[in-house]
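Protein chains in written order, with my numbering: chain A, 1 to 114; chain B, 1001 to 1281. Even glycine gets a Cβ: it sits at the ideal position worked out from N, Cα and C.
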Amino acid sequence: MHEYSLVEALLRRVEEEARQRNATAVHGLKVSLGELAGVEPELFRTAYETFREGTLCEKATLEIVRCPAIYVCPSCGKSFARGEVLRCERCARPARMDEKSDALLLESIDMEVP
Amino acid sequence: MCTTCGCGDSELVPVELHEKILAGNDRAAAHNREHFRESGVLALNIMGSPGSGKTALLEATARVMKGARLGAVSADLATDNDARRLQKAGIPSKAITTGQACHLDAELVHRSLHDFPWRELDVFFIENVGNLVCPAIYDLGQEANVVVLSVTEGEDKPLKYPVMFQKADLVLVTKCDLVPHLDVNMGEIEDALSRVMPDPKILKLSARTGEGMDAWRAWLETMRGRVPDGRPAESHVHAHEHEHEHEHTGALPSFEGERDHGHGDHNHDHGHGGSGHDHSR
């Protein structure tokens, strides 16, 4: 249930950014969650709904962009299907994980500024 | 001001950040890592299911590395049992009771360092909460992640918890002495790991019989050798004040002669007893 502590960190960061910019309200947030981020998007959303009450994000929508796990061979570019052995037999090299695969990112905030 | 009609209402602006949600934890972890490296301490994050044998592994490690300076912090939701077991096994230990938290974070580890003589160590084990999910995403400042997987857990554990195994620098398959009594297929465990880890490093051992402990010890020594000696640390500026006052006494016998400090070809005194190594900060 670390989704709750992640949302706490997220809200703290948003409030900090909003204060710096003297924002009066936050309308929306966009986050990217990679398939290998170890975060369950639905739990993340539930945690957000719970924690946003009484914060600047009280009325802010949460957009979650899900990023699939992508593994490719660093030599020939072959991509690996889910469940496949993560090694390119032809090139004899271990697959490389695309960096978005474990993304846990605050992408942007829509805020109202005076 | 509103740009549509100039009415003086506030304006909606998009702020692009693209930053890690765990950026705060990552900063704390980087700080811990700097501490460990500057003191030449190999810090390892030991993760695995409850009951996978993390504590037993460390107890057995103490038995095969008698000369090395080992230390541990042990995280548990409610008890300090593991820390007491380790203490009894001769590993100076401290409990971190996490309460409801299912994982350690870098800040908790940092706080645990304040009254623990971690700088005197060759290897500092951070025994995480028994959990195959949450601990994986929190960087603690460790040099490597070690995931403990016991043969009693089922061959498909790696497929069920890909995030944890994907983060592992080393997987220790434990309780191997039980294999003859179980319907477990070691090949299937290795196969499952190869589908979630591009370049799996696996060691099989039994803390109980000592089988495989030599390879684990060799891995520890290799990793320890890779940690920059870092003494004295001249470039590091502390962001805060710790009470760090001690003299390094150098490596213990089991590490002597096996460490490559990366010091090039200059002559390095391993005794550390001489001048220049007493760096009170």
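Any C-beta of chain A under 8 Å from that of residue i
i	result
His1244(B)	Bear in mind that a pLDDT of 43 at His1244(B), under 50, signals an unreliable position, so the number given afterwards is only what the model happens to contain. Not closer than 8 Å to any Cβ of chain A, the Cβ of His1244(B) fails to qualify, so no.
Val1163(B)	yes
Asp1199(B)	yes
Cys1134(B)	yes
Arg1037(B)	no
Gln1166(B)	yes
His1031(B)	no
Cys1176(B)	no
Gly1048(B)	no
Ser1194(B)	yes
His1103(B)	yes
Partner residues on chain B for residue i, Cβ-Cβ distance less than 7 Å
i	result
Val113(A)	Ser1010, Glu1011, Val1013
Tyr48(A)	Those within 7 Å of Tyr48(A) in chain B number zero; the least Cβ separation is about 12 Å.
Nearest candidate by alpha-carbon position, reference residue i, set the options
i	options	result
Pro1050(B)	Asp1076(B), Arg1063(B), Asp1026(B)	Asp1076(B)
Arg1063(B)	Leu1108(B), Asp1214(B), Leu1022(B)	Asp1214(B)
Ala18(A)	Leu106(A), Pro41(A), Leu56(A)	Leu56(A)
Ser1194(B)	Gly54(A), Pro74(A), Arg93(A), Ala103(A)	Arg93(A)
Asp1120(B)	Arg1033(B), Leu1070(B), Gly1141(B), Ser1112(B)	The question names Asp, yet the displayed sequence has Glu at residue 1120(B). Minimum Cα distance to Glu1120(B) is reached at Leu1070(B).
Ser1074(B)	Gly1067(B), Pro1092(B), Ala1068(B)	Pro1092(B)
Val72(A)	Ala1207(B), Pro1198(B), Pro1228(B)	Pro1198(B)
Thr1174(B)	Ser1052(B), Arg1027(B), Gly1024(B)	Ser1052(B)
Distance between residue j and residue i (C-alpha atoms, nearest Å)
i	j	result
Leu6(A)	Thr1098(B)	16 Å
Asp1156(B)	Leu1178(B)	18 Å
Glu1190(B)	Glu42(A)	32 Å
Met1164(B)	Asp110(A)	33 Å
Lys1201(B)	Leu1170(B)	5 Å
Gly1048(B)	His27(A)	40 Å
Pro1162(B)	Ser1010(B)	46 Å
Leu1086(B)	Leu36(A)	33 Å
Gly1257(B)	Leu10(A)	With a pLDDT of 37 at Gly1257(B), under the threshold of 50, the modelled position of this residue cannot be trusted; read the value that follows with caution. So the alpha carbons of these two residues sit roughly 48 Å apart.
Glu16(A)	Asn22(A)	10 Å
Gly1225(B)	Arg1217(B)	12 Å
Gly83(A)	Leu104(A)	23 Å
Leu1012(B)	Leu33(A)	25 Å
Tyr4(A)	Arg45(A)	10 Å
Burial state of residue i, where buried means 16 or more other Cβ atoms lie within 10 Å
i	result
Gln1166(B)	buried
Cys67(A)	buried
Pro114(A)	exposed
His1018(B)	exposed
His999(B)	As shown, chain B starts at 1001 and ends at 1281. That puts residue 999(B) outside it, with no answer to give.
Leu1182(B)	exposed
Ser79(A)	exposed
Thr1055(B)	buried
His2(A)	buried
Asn1032(B)	buried
Short CB-CB distance (under 8 Å) between residue i and chain B
i	result
Ser108(A)	yes
Val65(A)	no
Arg87(A)	yes
Ala95(A)	yes
Leu36(A)	yes
Thr83(A)	The residue asked about is misnamed: residue 83(A) is Gly in this sequence, not Thr. So, interface residue.
Leu43(A)	no
Ala9(A)	yes
heavy atom of the ligand ADP below 7 Å from residue i C-beta
i	result
Arg1119(B)	You won't find the ligand ADP in this model; it holds no ligand whatsoever.
Partner residues on chain A for residue i, Cβ-Cβ distance less than 8 Å
i	result
Glu1190(B)	By Cβ distance, chain A contributes nothing, its closest Cβ being about 11 Å from Glu1190(B), past 8 Å.
Glu1016(B)	Glu107, Ser108
Listed by chain order, chain A residues near residue i by CB distance under 9 Å
i	result
Glu1127(B)	What Glu1127(B) touches in chain A: nothing, since even the nearest Cβ is about 18 Å away.
Per-residue contacts from residue i into chain B (C-beta, under 9 Å)
i	result
Val31(A)	Ile1021
Glu17(A)	Val1015, Leu1017
Partner residues on chain A for residue i, Cβ-Cβ distance less than 7 Å
i	result
Ile1091(B)	In chain order: nothing, as chain A lies at least about 28 Å away.
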